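K.L.:
Attaching a single structure in structure tokens format; questions to follow.
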Amino acid sequence: MTDLFDLTGAVALVTGAARGIGAAICEQLAARGAHVVAVDVADPADTVAALRAAYPDSTVQGLSVDVRERTQVEGAVAQVLERFGRLDVLVNNAGTASRSGLPGITDEEWFRDIDTNLRGTFLFCQSAQPAMQAQGSGRMINISSISGIMGGPSSGGEDEGRSGPAYAASKGGIIALTKWLAKELGTQGITVNSVAPGPIATPLTETVSYDFSQQVLPRMGRPEEIGAAVAYLASPGAGYVTGQVLRVCGGAALG
Ligand SMILES: NC(=O)c1ccc[n+]([C@@H]2O[C@H](COP(=O)([O-])OP(=O)(O)OC[C@H]3O[C@@H](n4cnc5c(N)ncnc54)[C@H](O)[C@@H]3O)[C@@H](O)[C@H]2O)c1
0 MTDLFDLTGA
10 VALVTGAARG
20 IGAAICEQLA
30 ARGAHVVAVD
40 VADPADTVAA
50 LRAAYPDSTV
60 QGLSVDVRER
70 TQVEGAVAQV
80 LERFGRLDVL
90 VNNAGTASRS
100 GLPGITDEEW
110 FRDIDTNLRG
120 TFLFCQSAQP
130 AMQAQGSGRM
140 INISSISGIM
150 GGPSSGGEDE
160 GRSGPAYAAS
170 KGGIIALTKW
180 LAKELGTQGI
190 TVNSVAPGPI
200 ATPLTETVSY
210 DFSQQVLPRM
220 GRPEEIGAAV
230 AYLASPGAGY
240 VTGQVLRVCG
250 GAALG
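The sequence shown: position 186 = 185 (numbering that gives the first Met the number 0), numbered continuously.
This is the structure:
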């Protein structure tokens with residue numbers, strides 16, 4: 000029987016791969032046989048070393064890239080194409096989360112979240128599209144957040160770590176961009192989907208306190224639970240899924 004979750008030989012590029020959810024996405028893709036390019040503005044050496052040790056059959060490469068910089072993004076895609084000759088899976092995961100509220104948020108904080116989360120996603124999708132169109136296949140998977148669906152948590156102040164308006168706007172923008180791209184690229188054989196995590200235990204959320212009283216599964220999620228959702232959307236089994244937002248949030252966002 001064909002394994003519809005097998006990614007053997009697929010070439011995947013994951014942003015924000017140095018730690019947290021991005022590192023877990025890399026691992027779930029490599030575990031299914033993908034070659035992985037781990038991209039981050041920080042040095043992704045730890046992720047690369049761990050993957051090489053655990054998955055010797057996969058080719059793993061690290062690239063230092065700021066997703067806000069067009070020339071760096073285009074250069075990263077060009078390097079992947081030069082080395083592997085194709086790009087099958089693009090995962091836009093790099094993100095920042097300003098926790099300043101309405102009165103206090105600065106232009107600098109606003110633009111950091113919008114540029115990293117939304118424009119970085121756009122730049123990588125735009126750069127990867129020609130190669131995927133030429134292949135006649137490709138998967139773009141954009142990590143949003145339930146903040147982009149719900150407008151952030153409804154309780155808690157910034158001193159409790161509530162993410163701010165720029166973060167919610169950037170993540171809502173990723174969801175709209177995902178649907179727009181899905182409609183644009185479907186006839187090219189490219190699917191575009193989003194995974195919307197709820198609270199996940201990573202360095203980003205280390206200092207944040209969450210109220211689980213309204214959450215069906217009252218716990219933090221694990222990074223590998225996001226990685227598994229991404230691996231599904233990257234897999235042959237998800238070939239008929241596009242323009243969707245898969246909420247991996249313990250039931251925090253229903254309806
Ligand atoms: N942790 C959560 O609870 C949660 C919930 C919803 C959504 N998310 C989203 O998941 C993604 C990963 O979150 P995480 O918790 O692993 O965060 P994290 O802070 O642990 O990791 C984010 C990674 O992105 C990288 N990065 C930041 N700016 C970058 C840039 N300009 N260019 C390239 N890389 C950059 C960082 O260096 C870091 O390695 C983010 O998009 C985040 O918004 C996280």
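Each residue gets a CB set at the ideal place from its N, CA and C atoms; glycine is no exception. All figures in this text were calculated on a predicted structure; none of them were measured in a lab.
Could you compute how far the alpha carbon of L62 sits from the alpha carbon of S99?
P.N.:
Counting from 1 along the sequence shown, the entry for residue 62 is found at position 63. Counting from 1 along the sequence shown, the entry for residue 99 is found at position 100. Roughly 31 Å between the two C-alpha positions.
K.L.:
Is G163 near ligand 1, in the sense that its beta carbon is under 8 Å from a heavy atom of that ligand?
P.N.:
Numbered from its first residue, the sequence shown carries residue 163 at position 164. Not under cutoff, so the answer is no.
K.L.:
Which of the three DSSP states is assigned to T58 in this structure?
P.N.:
Taking the first residue of the sequence shown as position 1, residue 58 is located at position 59. DSSP places T58 in the coil class of the three-state scheme, outside both helix and strand.
K.L.:
Indicate whether the contact test is met: 3 or more Cβ pairs, each with one atom in the segment 127 to 134 and one in the segment 47 to 55, closer than 8 Å.
P.N.:
no
K.L.:
Quick check: the Cα distance between W179 and G135, rounded to an integer number of angstroms?
P.N.:
Counting from 1 along the sequence shown, the entry for residue 179 is found at position 180. Counting from 1 along the sequence shown, the entry for residue 135 is found at position 136. Whole-angstrom Cα-Cα distance: 19 Å.
K.L.:
Assign L245 to one of three DSSP states: helix, strand, or coil.
P.N.:
In the sequence shown, counting from the first residue as 1, residue 245 sits at position 246. L245 falls in the strand class under three-state DSSP.
K.L.:
Name, in chain order, the residues that DSSP records as bridge partners for P196.
P.N.:
Your numbering for residue 196 matches position 197 in the sequence shown. DSSP output for P196 lists V247 as bridge partner(s).
K.L.:
At which residue ranges does the segment 36 to 85 contain complete alpha helix (DSSP H) runs of 4 or more residues, listed in the order of the chain?
P.N.:
44 to 53, 69 to 83
K.L.:
Secondary structure at A259, three-state DSSP: helix, strand or coil?
P.N.:
Given that the chain is displayed from residue 0 to residue 254, the structure contains no residue 259 and the question cannot be resolved.
K.L.:
Excluding the five sequence neighbours on either side, which residues of its own chain have a C-beta within less than 7 Å of the C-beta of L203, listed in chain order?
P.N.:
For the purposes of this step, residue 203 is identified with residue 204 of the sequence shown, where counting begins at 1. Hits under 7 Å: G19, A96.
K.L.:
With which residues is T190 paired in a DSSP beta bridge?
P.N.:
As a working mapping, residue 190 is identified with position 191 in the sequence shown. Answer by DSSP bridge pairing, in chain order: R138.
K.L.:
Within the same chain, show all residues whose beta-carbon is closer than 7 Å to that of P152, passing over the 5 residues directly before and after it, in chain order.
P.N.:
In the sequence shown, residue 152 corresponds to position 153, counting from 1. Around P152, the same chain offers R161 as residues with beta carbons nearer than 7 Å, after the five sequence neighbours per side are excluded.
K.L.:
Per the DSSP calculation, L89 is bridged to which residue(s)?
P.N.:
Here residue 89 refers to the residue found at position 90 when the sequence shown is read from its first residue. Answer is L12, M139.
K.L.:
Using only the alpha-carbon positions, how far apart do T7 and I104 sit?
P.N.:
In the sequence shown, counting from the first residue as 1, residue 7 sits at position 8. In the sequence shown, counting from the first residue as 1, residue 104 sits at position 105. Looking at the two C-alpha atoms, the distance is approximately 45 Å.
K.L.:
Assess, as a yes-or-no matter, whether the segment 239 to 249 is touched by the segment 26 to 43 under the definition of 3 or more beta carbon pairs within less than 8 Å.
P.N.:
Here the segment 26 to 43 makes no contact with the segment 239 to 249; the two share fewer than three CB pairs at distances below 8 Å.
K.L.:
From the DSSP output, in three-state form, read off G220 for me.
P.N.:
As a working note, residue 220 is residue 221 in the sequence shown. In the structure shown, G220 sits in a strand (DSSP, three-state: E or B).
K.L.:
Among M0, S193, R69, V38, whose alpha-carbon lies nearest the alpha-carbon of Q125?
P.N.:
Counting from one through the sequence shown, the residue named residue 125 turns up at place 126. Per the Cα distances, R69.
K.L.:
Do T115 and ligand 1 come close, with the Cβ less than 8 Å from some heavy atom?
P.N.:
Numbered from 1 along the sequence shown, position 116 holds the residue referred to as residue 115. Answer for T115: yes, Cβ within range of ligand 1.
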